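What follows is a short report on a single structure.
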Amino acid sequence: MPGDKIHIFDTTLRDGEQVPGCKLVSSEKIALALKLEELGVDIIEAGFPISSPGDFASVTEISKLITKATVCALSRAVQKDIEAAGEAIKFAKRPRIHTGIGTSDSHIKAKFNATQDEILERAIQCVKWARNFTDDVEFYAEDAGRTENGYLARVIEAVIKAGATTVNIPDTTGYCLPHQYGEKIAYLVNNVPNIDKAIISCHCHNDLGLATANSIAGVIAGARQIECTINGLGERAGNTSLEEVVMVIKQHKELGLYTDINATLLNPMSRLVSDTMRMPVQPNKAIVGSNAFSHSSGIHQDGFLKDTSTYEIIAPEEVGADSSKIVLTARSGRSALAHRFQKLNFQFDRNDIDVLYEHFTQIADSKKEVDDNDLAHMALNHQQKTLATA
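This is the structure in structure tokens:
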């Protein structure tokens, strides 16, 4: 396939599970991991093994079952964390340890009561510990979004030299604007001498609603991995949404990028995660929301019925969604009404539709949506009146 591949790192089972009420039992994590592999995810972050015996066991079992994707375990820059992660992924065909430490002044001073040099040494050490267990080590510079670029570049150069093969540049608080995040990635590309020896990864949070935009800005600037979750689940306002970045890349071929995600599985995967994690998807959610392919405005409905591309840039079947829907409300017009009558096998001419439309607007003003039962009742009444006056 032409272009540069963007590796999809899914952290639904780790960051997504940190959402209140979304805790998974081991059997649920395993089932979702297998579906994520089927979806085409490149790296599955299976959990945080040191956090609990249950999570350790889940990561271990996932490591045994996954055959194609890389299985990743999270740790802090703590030796016991890294040892637990290494033990949990020892059965994986493609094991990875994801370790790191905060690099912003806020984290260095308030969280660690340390200096930049001390944090730099801890960053190097955690990568070296992780390399004892696997050659695939990802380092995260927590709060990189608010880290001064010069210091961040120093840290990234040092951890790559220590053996990191992926360097994660998280916008942990969702603070960055897209141009700022893109410029940060570009700065690393241009100012870290050994950056060619590692993949740059984007891990963006959605506190300001910019996670997807920031991740796309990151890959445009040179990153080649995006960390994301199904339905955008995650801490606080969530993470970058997998389905969104995948379809942005697929739609905008001019970017010269691609993923290995099977897009036709996006909606089924969204529903499975929503049901399993007991977290509803907002109806207007991009790609997988129940209203993503629904049309209720008369102007939109008329254009859509003439040519679907007037208001849909993605066909529902591309992402495994049900067919597009014409929803009849008080904002709908005659074109949509005639279309729905045809669907119900009622054939009316323009004069009939004009008469029926007046009745329709009265009903539509009294309820949120006019359904097929309402339409059938209207149609039969109209037919009876027409026959009576014939």
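Heads up: the sequence shown begins at 5 in the numbering used here, then just goes up one per residue.
Heads up, the beta-carbon is just placed ideally off N, CA and C, and yes, glycines get one too.
Remember, it's a predicted structure, so these values are computed and weren't measured experimentally.
Check	Outcome
Suppose you measure from the CA of Asp279 to the CA of Leu36; what does that come to, to the nearest Å?	11 Å
Going along the chain, which residues of its own chain have a beta-carbon closer than 7 Å to the beta-carbon of Leu261, five neighbours each way excluded?	Gly7, Asp8, Ile10, Val223 and Ile253
Looking at Ala190: is its Cβ nearer than 8 Å to the Cβ of Ala225?	yes
Please return the same chain residues whose Cβ sits closer than 6 Å to the Cβ of Gly44, not counting the five positions on each side in sequence.	Asp264, Ile265 and Asn266
Need the endpoints of the beta strand (DSSP E) that Leu332 sits in, please.	Leu332 -> no beta strand (DSSP E), and no H or E assigned at all.
Which of the three DSSP states, helix, strand or coil, is assigned to His256?	coil
Spatial neighbours of Ala96 within its chain, please: CB distance less than 6 Å, with the 5 preceding and 5 following residues excluded, ordered by chain position.	Ser67 and Val75
Which first and last residues belong to the alpha helix (DSSP H) in which Ala380 is found?	Asp376 to Thr393
Per the contact definition of three or more C-beta pairs closer than 8 Å, is the segment 300-315 in contact with the segment 269-288?	no
Tell me where the alpha helix (DSSP H) around Thr64 begins and ends.	Pro57 to Leu69
Suppose the cutoff is 8 Å on Cβ atoms and the five residues either side in sequence are ignored; what does the same chain contact list for Phe59 look like?	Here residue 59 turns out to be Asp, not Phe, going by the sequence shown. Once the five neighbours on either side are set aside, the close Cβ partners of Asp59 are Gly51, Phe52 and Pro53.
What residues in its chain sit with their C-beta under 6 Å from that of Glu321, if we drop five residues either side in the sequence?	none
With DSSP as the reference, please indicate the residues paired to Arg100 in a beta bridge.	Cys76
Suppose contacts are defined by Cβ-Cβ distances below 8 Å. Is Leu379 in contact with Arg344 by that definition?	yes
Reducing DSSP to helix, strand and coil, say where Gln129 ends up.	helix
So the candidates are Ile47, Ile128, Asp109 and Val277; which of them puts its Cα closest to the Cα of Val292?	Val277
Nearest by alpha-carbon distance to Lys227: which of Glu258, Tyr185 and Pro197 is it?	With the sequence shown as reference, residue 227 is identified as Ala, and Lys is not the correct amino acid for it. Looking at the Cα atoms, Tyr185 is the closest of the given residues.
Measure the alpha-carbon distance for Lys389 versus Met382 and round it to whole angstroms.	11 Å
Note down, in chain order, each residue of its chain lying with its Cβ closer than 7 Å to the Cβ of Gln83, except the 5 sequence neighbours on either side.	Trp133
Measuring only the C-alpha atoms, how far is Asp14 from Asp375?	39 Å
What did DSSP end up calling Met5 once you bin it into helix, strand or coil?	With a pLDDT of 43 at Met5, under the threshold of 50, the modelled position of this residue cannot be trusted, and the question is left open.
At the level of alpha carbons, what is the spacing between Asn153 and Asn136?	29 Å
Can you find the residues in the same chain that come closer than 6 Å, C-beta to C-beta, to Ala325, ignoring five residues on each side of it along the sequence?	Asn271 and Phe297
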